[in-house]
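First the structure, in the form of structure tokens, and then the observations on it.
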Amino acid sequence: MKKILYITANTKPEKLSTSKTVSRIFIDKIKDMGILTELDLYDMYIPEINYKYFQSRATLVKGNEYLNLTEDEQKDVAVIDLLADQFITHDTYVIAAPMWGLSFPSKLKQYFDCVLINGKTLSITDESVEGLLTDEERHAVYIQSSGGDYPQIMSRQVNHGLTYLKDILKFLGVKGFHPILIEGTEMKGIGKEKAMEKAISQMDKIIKKIT
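The numbering used here puts the first residue of the sequence shown at -7, with every later residue one more than the last.
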């Protein structure tokens, strides 16, 4: 049974968001394969990373250092700890976001800052830094909408959000990374409907890869 973590990063409600609309179709196709957890990053509290929360590189404070924090700071550490643990307990990640400024909305980066924790998703020593999500086969599906249409050869130069997620998830140990790009939603000759249809047509092929 799959443990699916569905993460959305868009200020728009689902009915107004292309990425959320398409990703909901994908989720509806796979939700019966396991247990589904949904996170709307703009409808929940994500702590901002603060040096006070760490005793060393990406290592959360504990003991007296934790007790010396204010009550609100202790709550932030607890939320970061919870988000990292939650990420570990899932094996299928569906991430939906628009392309903003050649990347994705800042809340998604803020979320991953909370997930990248030493002793949980990472192992950091004086000699090396390694991902710890290699204990089982994991897959991530990134569903991204964009007003423009970018040739694949240019993707790494202009789609920094996709590149970041692919690189960081691979580093953590997630075996498969599968993008579904809804491109050209505001371009003459393509438009929202055609872009969505093309993206939806890729879903069954990707579902076979992650099951």
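Each residue gets a CB set at the ideal place from its N, CA and C atoms; glycine is no exception. Remember, it's a predicted structure, so these values are computed and weren't measured experimentally.
In the three-state reduction of the DSSP assignment, Lys21 falls in the helix class, which pools H, G and I. Nearest to Met91 by alpha-carbon distance, out of Glu30, Leu61, Lys112 and Thr155, is Thr155.
Within a 10 Å sphere around the beta-carbon of Thr62 sit fewer than 16 other beta-carbons, which makes this residue exposed.
Taken through DSSP and simplified to helix, strand or coil, His82 comes out as coil.
Of Phe18, Lys101 and Met188, the smallest CA-CA separation from His152 is found for Lys101. Thr10 is the residue among Lys4, Thr10 and Ile199 whose C-alpha sits nearest the C-alpha of Gly183.
Secondary structure at Tyr(-2): strand, using DSSP grouped into helix, strand and coil. Our two residues, Met179 and Gly140, have alpha carbons roughly 6 Å apart in a direct line. Remark: fewer than three beta-carbon pairs, one from each stretch, lie closer than 8 Å, so the region 36 to 48 and the region 0 to 17 are not flagged as touching.
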